[in-house]
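2 protein chains.
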Amino acid sequence: MAHPAEDVRPPTMADVAREAGVSHQTVSRVLSDHPNVRAATREQVTLAIERLGYRRNSAARALVTRRTRTLGVIAVNTALYGPASTLTGLEEAAREQGYLVSTVSLRTGEGQGLKDAVDHLASWGVEGVVAITPQRSHVQALAELDAPFPVVTVEGGHQLDLPGVSLDQELGARMVTEHLLAAGHETVWHVAGPDDWLESEARTAGWRTVLEENGIRPPRVLTGDWSPLSGYRAGQELAGLALARRGATPVTAVFVANDQMALGVLRALRETGIRTPGQVAVAGFDDIPEAEYFPPPLTTVRQDFAAIGRQSIGLLVNHIEGRARKAEHLLVEPQLIMRASTRPSNES
Amino acid sequence: MAHPAEDVRPPTMADVAREAGVSHQTVSRVLSDHPNVRAATREQVTLAIERLGYRRNSAARALVTRRTRTLGVIAVNTALYGPASTLTGLEEAAREQGYLVSTVSLRTGEGQGLKDAVDHLASWGVEGVVAITPQRSHVQALAELDAPFPVVTVEGGHQLDLPGVSLDQELGARMVTEHLLAAGHETVWHVAGPDDWLESEARTAGWRTVLEENGIRPPRVLTGDWSPLSGYRAGQELAGLALARRGATPVTAVFVANDQMALGVLRALRETGIRTPGQVAVAGFDDIPEAEYFPPPLTTVRQDFAAIGRQSIGLLVNHIEGRARKAEHLLVEPQLIMRASTRPSNES
DNA sequence: CACGCTGTTGTGAGCGCTAACAATCAACCT
DNA sequence: AGGTTGATTGTTAGCGCTCACAACAGCGTG
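These protein sequence lines are chains A and S, in that order. Note that my numbering has the first sequence beginning at 1, numbered continuously upward. Note that my numbering has the second sequence beginning at 1001, numbered continuously upward.
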């Protein structure tokens, strides 16, 4: 294996053909599992391939077939647990289907960034893109961009005619809220995520619906930005309300729109001397790995990110290969994880 | 099959050439910013490109230049905060340099998975790979794989002759340990990460060195697996030791090898009625976004993931473009973030 | 004016592969 | 036997691009 020159080119199909004593076309047939090749020939070729360490040149292949077998993923905020997990799911599913996946992470979706990302991917000839862009404005921008390939959204809502996959956020919120009401709470307060986010809207909607179904007038919604800090601030406000006790609606249960904010709420309550769940029950959303170790362990809603990834890729590939035409929208079921933070206790 | 319009092929360089009234070669020159093109001609071509919505075919380009301008990333455990953040940094840096980045996430690095990942990327003709494989066995396996392209490791240590970038884990551990000793603690206990991990080893080494430098015999090391649960277990053991009080080495300060385990330790201490930092000070490593909202806010070590990503890509590109030959190893400086969990209090 | 130079443009070949078609041969039928 | 079939293999022509080189203009120089 002495490499005298660095420039030794990798073997080509012609090299293999020569080595096996057949034509390059036969080599091609073996590689693409064409049925009409004699077993003996096939073996010759396979052996030659192995001897030379041959590997098909994907660029040449792409050039002639006009298929790059490459998918793009555009994601915002990839360091967060949710997007990161979805990414993993996407990537695995795509690899199984024989696609290469290329990711573009945006810090936070400025409109220009999105366009650049699409451009970047387009210039590499991706055949389709999955966009994890959970803000309404992004989905809007994406729809208007009119990309030259199919686009599937994750958590992109279904108001526009882009196909997509989402967790049933509303159902998740309903489950939490119902769980809290069932535990005997008179009402449930809510710390929502930022306005523009579709997940945020759906969770708030689910919460509101359940309250209204039970004839309860929903209390004022507090709003955060998903960060622990914003949760902390909301928690301080809630703590104030809980202690004041003169308002018509007592604060004994809070549904926080994600686990990180819930962490902040818990801290604020603790600092104010309010016991959880004794005086105020708290629930979150996402089930991040830390949630089980929060003080106290957090009741939350788990998302099956792997399933979301698999379904998105499935949908995208269907579009690419022309098996789907319309803007289908799939929902994945969430799962309620009950932990100590909403456990009914002996205290009032 | 009634898609008459679906089959319109994207415009080629020849189309642009015809539109602009020049040869395809001139178009190519404009596209690659060749200096010897008359300004007027250049404008003609640019206009034609715009009119037709032309885009260079990357496959054809790759075929003739033998450069795919694609990089691979192999990462284990991408849903964790650290790897996910590094990934973002890598991806941005690569895009800036005009490379496409394709990620392969492995659940947890079985040897076969690694080989498959390299194969997958190789079959797409990546020009180099960044591997975020922080376990010694992975790096070993990677070195033995002898990939047909340069490989740069992140947190891969420098004992093998693979170039790489790492945070100066040992320095980080030293900073924490010194900080705790300076606060007056007689000794510092340590909850380490799993054995095979290089980060784990380096953090333990840094801690041990500082103790020895100060003439303190390091207490027994507890070991976890990075998860909050394992930290919780270690915390229970430490709580037992702290309360027993008959051992020669008092438990008043603990350096936990990552924040998630520290969360578990904190919970165990709290449940046993031990106050933090009053009775036992606790420090972590990573500075995950939640750390600031732990009970109490956690002293920890912050890593500059963006810098790590940028440097890895820089190193890799240098190797690809032949500007670097030897297995250089870069270190990134950590930053100590001091919070309440190690704040000296009035109690002894 | 012949010569070389530089700047600008065009021509032709070929990267490594697949798709379409042609060629060959054995087997089978009437 | 002659023709038809089907399986197997080879031949040829590009895919869209870049590279090497040729061609030609305009210019200054001896």
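Every residue, glycine too, gets a C-beta built ideally from N, C-alpha and C.
Within the model, the alpha-carbon separation for phenylalanine 1285 of chain S versus arginine 1275 of chain S is close to 20 angstroms. Interface flag for glutamine 1159 of chain S against chain A is unset, since no Cβ pair is found closer than 8 angstroms. Put simply, the CB of serine 58 of chain A is near chain S, with a gap under 8 angstroms to one of its CB atoms. No Cβ of chain A is located within less than 8 angstroms of the beta carbon of threonine 1187 of chain S.
In the structure shown, aspartate 1033 of chain S falls within a coil segment according to DSSP collapsed to helix, strand and coil. Taking 8 angstroms as the threshold, the shortest C-beta distance from threonine 78 of chain A to chain S falls below it. With a threshold of 8 angstroms between beta carbons, tryptophan 1197 of chain S makes no contact with chain A. Under the three-state reduction of DSSP, phenylalanine 305 of chain A is assigned to helix. Cβ-Cβ separation between alanine 1242 of chain S and valine 1280 of chain S: approximately 6 angstroms, consistent with a contact (criterion under 8 angstroms).
Here DSSP, grouped into helix, strand and coil, assigns serine 312 of chain A to helix.
Near chain A, meaning a CB-to-CB distance below 7 angstroms, the residues of the stretch 1263–1278 of chain S are Leu1263, Gly1264, Arg1267 and Arg1270. The bridge partners DSSP lists for glutamine 44 of chain A come to none. Close to chain S, meaning a Cβ-Cβ distance shorter than 7 angstroms, are the following residues of the stretch 121–140 of chain A: Ala122, Ser123, Trp124 and Gly125. Per the DSSP secondary-structure output, aspartate 286 of chain A pairs in a beta bridge with A/Arg302.
Here glycine 1184 of chain S is exposed, its C-beta having fewer than 16 other C-beta atoms within 10 Å. Nearest C-alpha to proline 1297 of chain S among A/Ala324, A/Arg310 and A/Arg267: A/Arg267. Going by C-alpha positions, valine 130 of chain A is about 6 angstroms away from valine 151 of chain A. Excluding its 5 nearest sequence neighbours in each direction, alanine 62 of chain A has C-beta neighbours in its own chain below 6 angstroms: Thr68, listed in chain order.
In this chain, the alpha helix (DSSP H) harbouring alanine 1014 of chain S covers 1013–1020.
Annotated as distal: threonine 78 of chain A and alanine 1017 of chain S, with beta-carbon spacing of 8 angstroms or more. The beta carbon of threonine 68 of chain A sits closer than 8 angstroms to some beta carbon of chain S. Here DSSP, grouped into helix, strand and coil, assigns isoleucine 1320 of chain S to helix. Proximity of glutamine 1303 of chain S to chain A, defined by a Cβ-Cβ separation below 8 angstroms, is not satisfied. Within chain A, the residues whose beta carbon sits less than 7 angstroms from that of glutamate 1290 of chain S are Pro228, Gln260, Leu263 and Glu290, listed in sequence order. Per DSSP, reduced to three states, the secondary structure at histidine 329 of chain A is strand. Of all residues in the stretch 1315–1343 of chain S, none has a C-beta nearer than 8 angstroms to a C-beta of chain A. Taking 8 angstroms as the CB threshold, tyrosine 1232 of chain S lines the interface with chain A.
For the stretch 108–144 of chain A, the continuous beta strand (DSSP E) assignments of 3+ residues that do not extend past its boundaries occur at 128–132, in sequence order. Arginine 203 of chain A and arginine 220 of chain A have their C-alpha atoms some 15 angstroms from each other. Just so you know, the alpha carbons of glutamine 1169 of chain S and proline 1194 of chain S end up roughly 15 angstroms apart. Put simply, the backbone Cα of glutamate 1155 of chain S is about 42 angstroms away from that of histidine 190 of chain A. Residue-level contact check: glutamate 96 of chain A does not touch chain S, since none of the beta carbons of chain S fall below 8 angstroms from its beta carbon. Three or more beta-carbon pairs separated by less than 8 angstroms are not found between the stretch 207–224 of chain A and the stretch 314–321 of chain A, which leaves the two stretches without contact.
Within the stretch 1177–1209 of chain S, no alpha helix (DSSP H) run of at least 4 residues lies entirely inside it. If you check the CB distance, tyrosine 1099 of chain S and threonine 1070 of chain S come in under 8 angstroms. Taking a cut-off of 8 angstroms for Cβ pairs, the stretch 319–333 of chain A and the stretch 158–175 of chain A touch, as three or more such pairs fall below it.
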